[in-house]
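*Asks:* Have a look at this one before I ask anything.
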Amino acid sequence: MKRIFTILFLAILTSCSKLDVPKDTPSCIKNKIKEMQSDKVRNPPVSVWQYEYNGQTVYYIPPYCCDIQSQLFDKECNQICSPEGWLSGDGDGKCSDFFLKRKNEKLIWQDDRK
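Quick note on numbering: the working numbering labels position 71 of the sequence shown as 61, and the sequence is numbered without any gaps.
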C-alpha cells in the first residue's frame, strides 16, 4: 500500500511540475513541450529553439531522426515550414533560407531525461 501511495504521489508531483521555459514563451509552445515530455525519450534529445526570422519570432524543433522533418512555428503555433529533414534532408522547401536568415538564437527547452 505504501508503495502505491508513493507511486501516485510521484506521478502527481511530476505531472504538476513547473515547466522551466522563459516567461514570454507562448502557451501553445509550452503545450507542445509538455506533449514532448510525455513522449518517449529521444536521441538526440528533443529541443525547442527561438529565433527571429523574416521579422517575426519563430520556434524551431529540430528533427530527431533520419527521415523526420524539423518544424518551424510562429508564436501562434501555426507551422510555417519544415526547414530540414525528410528524404532529401532539405525539408519541405518552403523556407530554404531559414538557416541563412535566422538570428538571435535562444534555447527555450531541451529534454534532460536519460
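A virtual CB, placed ideally from N, CA and C, is assigned to each residue, including glycine.
Using CA coordinates, which residue listed in V31, L90, K20 and V11 is at the minimum distance from K104?
*Replies:* Comparing Cα-Cα distances from K104 to each of V31, L90, K20 and V11, the minimum goes to V31.
*Asks:* Using beta-carbon positions only, say whether S78 and Q59 come within less than 8 Å of one another.
*Replies:* Not closer than 8 Å, so no.
*Asks:* In this structure, does DSSP put N94 in helix, strand or coil?
*Replies:* DSSP places N94 in strand when its eight states are reduced to three.
*Asks:* Could you tell me which residues DSSP pairs with I51 in its beta bridges?
*Replies:* Per DSSP, Q61.
*Asks:* With DSSP as the reference, label C56 as helix, strand or coil.
*Replies:* Looking at C56 - three-state DSSP - the assignment turns out to be coil, as it is neither helix nor strand.
*Asks:* Look up E42 in the DSSP assignment and give the residues it is bridged to.
*Replies:* Answer by DSSP bridge pairing, in chain order: T47 and K93.
*Asks:* Near P52, which residues of its chain fall below 6 Å by C-beta distance, leaving aside the five closest residues on each side in sequence?
*Replies:* Here the set comprises S60.
*Asks:* Buried or exposed: L62, going by 16 or more other Cβ atoms within 10 Å of its Cβ?
*Replies:* Flag for L62 reads buried.
*Asks:* Return the CA-CA distance between Q40 and I23, expressed in angstroms with no decimal places.
*Replies:* Cα to Cα, Q40 sits roughly 13 Å from I23.
*Asks:* Can you list, in chain order, the residues of its chain whose CB lies under 7 Å from that of V11, leaving out five sequence neighbours each side?
*Replies:* K20, I23, I98 and W99, listed in sequence order.
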